[in-house]
Every structure is written in structure tokens, then in C-alpha cells.
Amino acid sequence: MDSYYRPTVAEISLDAIERNVKAFRDRLSPGTKLLASVKANAYGHGAAETARSAVAAGADYLGVAFLDEALQLRKAGVTAPVLVLGYTPPEGFELARRHGITLTVYRHEQLDAIEGMAANGPKLKVHVKIDTGMGRLGVLPGPDAERFLERVCAMDRIDAEGMFTHYAKADETDKSHSLMQAERFRSVVDYVRRHSLPLSIIHAGNTAAGIDLPEHAGQMLRLGIGMYGLYPSAEVRKDRIALEPALTLKTRVVHAKTVQAGESISYGGRYVASRAESVGTIPVGYADGFSRMLSGKAEALLRGRKVPVLGTICMDQCMIGLDGVELGGASPVEPGEEVVLIGRQGDEAITAEDVAAKLGTINYEVTCMIAARVPRVYLKDGETVAVSNPIISC
Numbered sequence: 001m002d003s004y005y006r007p008t009v010a011e012i013s014l015d016a017i018e019r020n021v022k023a024f025r026d027r028l029s030p031g032t033k034l035l036a037s038v039k040a041n042a043y044g045h046g047a048a049e050t051a052r053s054a055v056a057a058g059a060d061y062l063g064v065a066f067l068d069e070a071l072q073l074r075k076a077g078v079t080a081p082v083l084v085l086g087y088t089p090p091e092g093f094e095l096a097r098r099h100g101i102t103l104t105v106y107r108h109e110q111l112d113a114i115e116g117m118a119a120n121g122p123k124l125k126v127h128v129k130i131d132t133g134m135g136r137l138g139v140l141p142g143p144d145a146e147r148f149l150e151r152v153c154a155m156d157r158i159d160a161e162g163m164f165t166h167y168a169k170a171d172e173t174d175k176s177h178s179l180m181q182a183e184r185f186r187s188v189v190d191y192v193r194r195h196s197l198p199l200s201i202i203h204a205g206n207t208a209a210g211i212d213l214p215e216h217a218g219q220m221l222r223l224g225i226g227m228y229g230l231y232p233s234a235e236v237r238k239d240r241i242a243l244e245p246a247l248t249l250k251t252r253v254v255h256a257k258t259v260q261a262g263e264s265i266s267y268g269g270r271y272v273a274s275r276a277e278s279v280g281t282i283p284v285g286y287a288d289g290f291s292r293m294l295s296g297k298a299e300a301l302l303r304g305r306k307v308p309v310l311g312t313i314c315m316d317q318c319m320i321g322l323d324g325v326e327l328g329g330a331s332p333v334e335p336g337e338e339v340v341l342i343g344r345q346g347d348e349a350i351t352a353e354d355v356a357a358k359l360g361t362i363n364y365e366v367t368c369m370i371a372a373r374v375p376r377v378y379l380k381d382g383e384t385v386a387v388s389n390p391i392i393s394c
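The sequence shown: position 112 = 112 (the UniProt record's numbering), numbered continuously.
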């Protein structure tokens, strides 16, 4: 178990992750697989520990963005099937084959490179990506897809396991675009069936589709943001599934003082005290993923109440107002008191969605922004079971 020597940490509830996976698993029809997306360091939650918990909760597959992330899982001892959802350069194909990593293919140049691989050794497992309306990666439905699929399935160095597409607007109330994509994908699936192409896992559903369009998820649901207890948007039917946020970003007060009227706080002096105020310093800043763009907007939780972040957020530190928790004869705030930036404290909560709204972005980005230098502390049954701190781990 790694150690850490700063009070700023991201606590990850593995129980919450497992409960979220099981909540989606329970919605799937018998025989439908579940892929747990742990790309981008598991959306900021930590890839290896999240992957282990997801598999323990019933995930059949893991998904990552690129080969390096897949190799990171293998290095951590994770043996479950892993699908690289994005591009892999040809020089990585042999490494993927050696480590039993499944790749996404969608261009003939990729197939040319695979044909040039040594004939000895296991086949390279692949999934074919179909672009039905995302406009990102994939071969287009129709003759292009048909020729590509025929070639993939005829290659002796390939194990053609799957085919997939990705919905661009499944998290919106209007499902017309998603239904159009589903129809385009169905035309390709029909071709596969008519020609008996040996693709055993045909999948389309992301978290939003798993909530609102489970009938269009295919043979495997790719569970991303929902695994972490967050909804993909405010437009999905939250009443259909209860999720539990897994991440709490917290720190502690390291200094408390009184500033006089007219004194300024932080770089640029953008906050000026209008009266004598109690101010605390917390060791978290934009280098930790607590964005400088939150300056003048952010709040924190202290003693179960919301307090303002004062002035400009620094690289490693920022300041908070303490007056709101010291009123009514309450004792002065002391160094060591817990401060929550994302999560719950007492009856109050600051959600990833709250932070996203202040930044003009989405909850995905908020958790992904939390820097690697913030230790991840993993909890199970309320007890610490693992710590990840890449700064000092060897």
C-alpha cells in the first residue's frame, strides 16, 4: 500500500462502484455482457482498483482509450479481457497480441499491418468500429463496412470477436438521433447475420443507452460514467436507476487567521476584505485539478456548511472564508479540520455537477481533472484497503 504525506486526497468508495455495476447488471437481459470503462484513469478514480472492483461486481470486459492504459492494467495484475476503444499504432499490435489485449479496427491500413505480423503465436483479437453518426472513428455502414467486415473475418491472424458503434446523443431527451444510429447499425448487424460472420459480441450501448435505451444496447453494455455513480446528463431518466457517487475530494485546513478590512487575498488582490474576516488556507489548487476558473465561484464544505473560496485559486493552495462556521459562539476553526470540495459532509453536499455548472462543463471532466498527484484512498466497508500515490510509489 502506498503512503501519502498531504491532507488532500480523493477517497474512492469501492462499495459504491460495485453497487453501481450491480445496479446496471441487474437491468440487463440474461446473456448480455457488461464492459466497465476504466479509461482516463477510470474517469479520475484510479484504473487498477476500479477495474478489480468492477470485475468483482460482474463486469465481463474492461474498456480503455489506448494501448498504454491496457498495458497499465496488465502490469497491475488485471487479467480480465480489455478492449482498446480508440486508435492503436501498428507498432503496438504485437504487444497487444502478446498481452491478450483486444484492439479496435476500422481502416484497411490496420489490416495490412496485421497481415504483416508473424504467423506464429495467438491470433490478435479485434472489434470492428462502425461510425453510425458519431463522426469520430469507424467504417461507414453500407458497402464500406461490408467489405471491411468480410476482410477482417477472412484473415487468419485475426480473431474477429466483435463489432460496435457509439451513440452521440443518447443522453438527450430527444432520442431521434440515437434511434437513427440504431437503425444504421441494425443494417450492418443484419448483414453480419445473413453472411454468418463470426462476431460474437455486437455492442452499442453506453451508460445513457443503458438507462434510457436498453433495448438498443446490443450484446454488451459499455458502462462508463454511471459506474462512478454519476448520470451522463440531467436529461436521462434518473428514476430508472439509483446511483451512488464514488468519489469524495477532501482536504484539511492548514492555516487560519483574521484579516482586517481592506486587506486582499491571493494573487491579483481580486478579493478584498470589507471587514475583519476569518480566513483559512487549504492545500489544494489548480495543479490538483481544482481549476483556477473556479476562482470567485467555488464553495467548500466545513463543519457541514458551505463556505466560499476567496480570491484566486493558486497552483497548490487556496483560501476559504471561515466566518460562516464561526458564528453564534462556535469555536474558531483550527488547522486539521476537514474540508470537502466534492462530496458530502453532514447534511450538505457539493456534487461533481455543481462544480461542472460553475465551470461550464460536464461532470465527466470534473472527475477526470483530478490530478495524479492527488492520492487515491480506496475504502471498503468504511476502511482504507488501498492507496495509490504515483509520486512516491516505486
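The beta-carbon is built from N, C-alpha and C at its ideal position, and this holds for glycine as well.
Here the alpha carbon of R151 sits roughly 39 Å from the alpha carbon of I17. The Cβ atoms of A57 and L243 lie no closer than 8 Å to each other. For P81, same chain residues with a beta-carbon under 6 Å away, outside a window of 5 residues either side, are Y61 in chain order.
Residues K306, V307, P308, V309, I350 of the same chain have their beta carbon placed closer than 7 Å to that of E299, with the five preceding and five following residues left out of the count. Per the C-alpha coordinates, the member of V192, R97, A70 positioned closest to V128 is V192.
Rounded to the nearest whole angstrom, the CA to CA distance from G226 to D68 is 24 Å.
Per DSSP, reduced to three states, the secondary structure at G262 is coil, with no helix or strand assignment. Judged by their CB atoms, I391 and L247 are not nearer to each other than the 8 Å cut-off.
The beta carbons of R25 and P214 sit no closer together than 8 Å.
Residue state for V78 is assigned as coil, using DSSP reduced to three classes. For V21, the uninterrupted alpha helix (DSSP H) run begins and ends at 14–25, by DSSP.
Contact between A261 and A273 holds: CB atoms are separated by about 6 Å, below the 8 Å threshold. Here the alpha carbon of V385 sits roughly 6 Å from the alpha carbon of L379. In this structure, the beta-carbon distance from S233 to D171 falls below 8 Å.
Counting along the chain, C318 sits inside the beta strand (DSSP E) bounded by residues 318–321. A Cβ-Cβ separation of about 6 Å places D288 in contact with T8 under the 8 Å criterion. Shown here, Y87 sits in coil according to DSSP, grouped into three states, outside any helix or strand. Counting of Cβ neighbours within 10 angstroms places S291 among the buried residues, the total reaching 16 or more.
Taken through DSSP and simplified to helix, strand or coil, H203 comes out as strand. Contact between T165 and I130 is confirmed by a C-beta separation of about 5 Å, below the 8 Å threshold. The beta-carbon separation of V387 and V377, rounded to 5 Å, stays under the 8 Å limit for a contact. Taking 8 Å as the cut-off, the beta carbon of L34 is found no closer than this to the beta carbon of G63. In this structure, V339 and K250 form a Cβ contact; the two beta carbons are roughly 7 Å apart against a cut-off of 8 Å. Every unbroken stretch of the beta strand (DSSP E) spanning 3 or more residues and falling wholly within the segment 212–254 is given here in chain order: 220–223, 247–252.
Nearest to L140 by C-alpha distance, out of V105, E263, R98, is V105. Per DSSP, reduced to three states, the secondary structure at R344 is strand. Taking C-alpha positions only, I313 is separated from R186 by approximately 50 Å.
The continuous alpha helix (DSSP H) containing Y364 extends over residues 363–368.
Cβ-Cβ distances below 8 Å link T258 to A276, E277, S278, V279 in the same chain, with the five nearest sequence neighbours on each side left out; the list follows chain order.
Cβ contact annotation for I370 (same chain, cutoff 6 Å, sequence separation greater than five): A10, G44, G289, in chain order. Within the segment 80–148, the beta strand (DSSP E) runs of at least 3 residues that lie entirely inside it are, in chain order, 82–84, 101–105, 124–129. Around the C-beta of A330, fewer than 16 other C-beta atoms lie within 10 Å, and the residue is accordingly described as exposed. Beta-bridge partners of G280 (DSSP): A256, I320. Secondary structure note for M180: it is in no beta strand (DSSP E), and the uninterrupted alpha helix (DSSP H) holding it is 176–194. Apart from the 5 residues on each side of it in sequence, V254 sits with its Cβ closer than 6 Å to the Cβ of T281, P283, P335 in its chain, given in chain order.
Taking 8 Å as the cut-off, the beta carbon of G210 is found closer than this to the beta carbon of A217.
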